[in-house]
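Residue numbers are given in our numbering: position 246 of the sequence shown equals residue 249, and the series is strictly consecutive.
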Amino acid sequence: MLSETKAYKVFKIFNYFLLAVIVFVTLTPFMNVVAQSFSSEAYINAGQVFLIPKGFNTETYEVIFGDRTFWLNYRNTILYTILGTAIAMVLTTMLSYVLSKRRLKGRGFFIGFSVFTMFFSGGMIPTYILYNNTLGITNTIWSVVLPGALSIYNMLIMKSFFENLPDSLEEAAAIDGMSTYGIIRSIILPLSKPILATMILFYAVAYWNSWFQAFLYLNNKDLFPVTLYLRNMISGAMGMSDVGQAASDNQTQIASNIKSVTMVLTVLPIITVYPFVQKYFVHGIMLGSVKE
């Protein structure tokens with residue numbers, strides 16, 4: 004076994020130091036948010052909270068967790084994320100696979116038309132009229148799930164991935180008598196796990212953090228996602244902070260760290276899931292972005 008040279012040892016030490024600095028810079032903002040979510044309003048307003056909670060306090064968590072609407076809206080967010088991601092994956096996979104085939108007639112037109120929609124949309128008011136008067140999906144879960152069901156950006160990444168798969172695999176399967184759907188199910192999808200996992204992460208995060216669609220198209224509070232519930236709490240907390248001394252101690256505490264608590268509650272599930280798909284993430288993006 005070859006011994007490490009002095010220059011290589013210095014290089015390793017420098018790398019460890021650099022990685023430690025990057026990790027610290029990356030984690031510090033989130034740790035600060037977590038610390039503020041468990042701190043009392045006196046220390047937060049004084050700007051004395053950095054990485055360690057001061058005046059340990061869980062009143063805001065208790066208020067949110069004790070509200071039945073929070074759990075109802077949390078269930079809605081899980082439902083919207085699962086249903087929306089499933090629909091989006093089916094649509095994105097179908098469209099990207101078809102457009103990846105160079106033998107498709109009018110392929111250039113369909114790709115150009117798809118890209119056109121990335122830059123030009125119908126606008127907010129025509130879209131609202133479409134959902135409300137024509138489709139009749141306002142105040143239903145479909146007004147939250149369907150608008151983000153197909154991302155052209157994600158479709159282009161997935162299309163590039165499919166284009167890099169060898170055509171000989173499909174040709175051999177076709178010679179053996181396998182149908183198009185059989186080729187997709189038995190060959191294409193098993194080989195596409197990295198890009199599928201990446202797209203699932205993209206869509207799941209987008210649906211999990213989405214609140215504006217629900218804000219526009221939902222009136223029934225029982226259908227709100229938890230992000231809209233927390234957004235309304237932030238608005239209410241800001242109103243309480245404007246009242247100042249007239250607000251109770253409990254309300255003042257909530258107004259002080261409601262933003263930190265909402266960040267922790269919305270980010271935590273994604274952080275929990277991320278390690279399980281991270282190994283596919285870089286691989287899927289790299290394969291989807293390289294064109295040979």
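In this text, a Cβ means the ideal position worked out from N, Cα and C, and glycines have one as well.
In whole angstroms, give me the CA-to-CA distance for residue i and residue j.
i    : j    : result
A249 : N260 : Interpretation of A249 is limited by its pLDDT of 47, a score under 50 that renders its predicted location unreliable; no figure is taken from the coordinates.
Y206 : M121 : 16 Å
E44  : F112 : 58 Å
D170 : G109 : 20 Å
P272 : N79  : 14 Å
F53  : A38  : 7 Å
W145 : F215 : 14 Å
K104 : A176 : 16 Å
T143 : Y77  : 16 Å
P228 : A217 : 7 Å
K262 : T230 : 12 Å
E303 : L21  : With the chain represented from 4 up to 295, any question about residue 303 goes unanswered, as that position is not in the structure.
G345 : F116 : In the structure as shown, the chain starts at 4 and stops at 295, and residue 345 therefore has no counterpart that could be examined.
S238 : K224 : 16 Å
I135 : G125 : Correcting the residue type first, residue 135 is Asn in the shown sequence and not Ile. Cα-Cα distance, rounded: 15 Å.
V26  : F123 : 39 Å
L133 : N48  : 46 Å
E166 : F17  : 40 Å
L30  : V118 : 36 Å
T183 : K9   : 59 Å
N235 : P197 : 37 Å
I203 : P129 : 30 Å
R188 : G139 : 34 Å
P278 : T88  : 18 Å
M127 : T275 : 34 Å
V13  : L107 : 56 Å
Flag residue i as yes when its Cβ comes closer than 7 Å to any non-hydrogen atom of the ligand ZN, and as no otherwise.
i   : result
V26 : In the structure on display, the ligand ZN does not appear, and there are no ligands present to speak of.
Do residue i and residue j have their C-beta atoms closer together than 8 Å?
i    : j    : result
V264 : Y19  : no
Y210 : Y83  : yes
V270 : S40  : no
I67  : F73  : yes
V148 : L86  : yes
L168 : I186 : no
L226 : Y131 : no
Starting from the Cα of residue i, find the closest Cα among the options and give me that residue.
i    : options                   : result
R71  : F279, Y277, Y232 and V276 : Y232
N35  : F17, I16, K57 and L22     : K57
F59  : L192, V66 and Y46         : Y46
T201 : A91, F73, D179 and Y220   : A91
N222 : S195, T141 and R188       : T141
I55  : E173, G69, V24 and F33    : F33
When the cut-off is 8 Å and only beta carbons count, does residue i lie next to chain B?
i    : result
S124 : The structure shown has no chain B; it contains just one protein chain.
**Asked** Are at least three pairs of beta-carbons, each pair with one atom in the stretch 153-171 and one in the stretch 95-108, less than 8 Å apart?
**Response** Cβ pair count under 8 Å is three or more, so yes.
**Request:** Tell me, please, whether the stretch 99-106 touches the stretch 158-166 by the rule of three or more beta-carbon pairs shorter than 8 Å.
**Result:** Result yes; three or more Cβ-Cβ pairs closer than 8 Å.
**Length-filtered (4 minimum) alpha helix (DSSP H) runs lying within the stretch 153-181** = 155-166 and 170-178
**Item:** Length-filtered (4 minimum) alpha helix (DSSP H) runs lying within the stretch 105-154
**Value:** 110-122, 127-132 and 145-148
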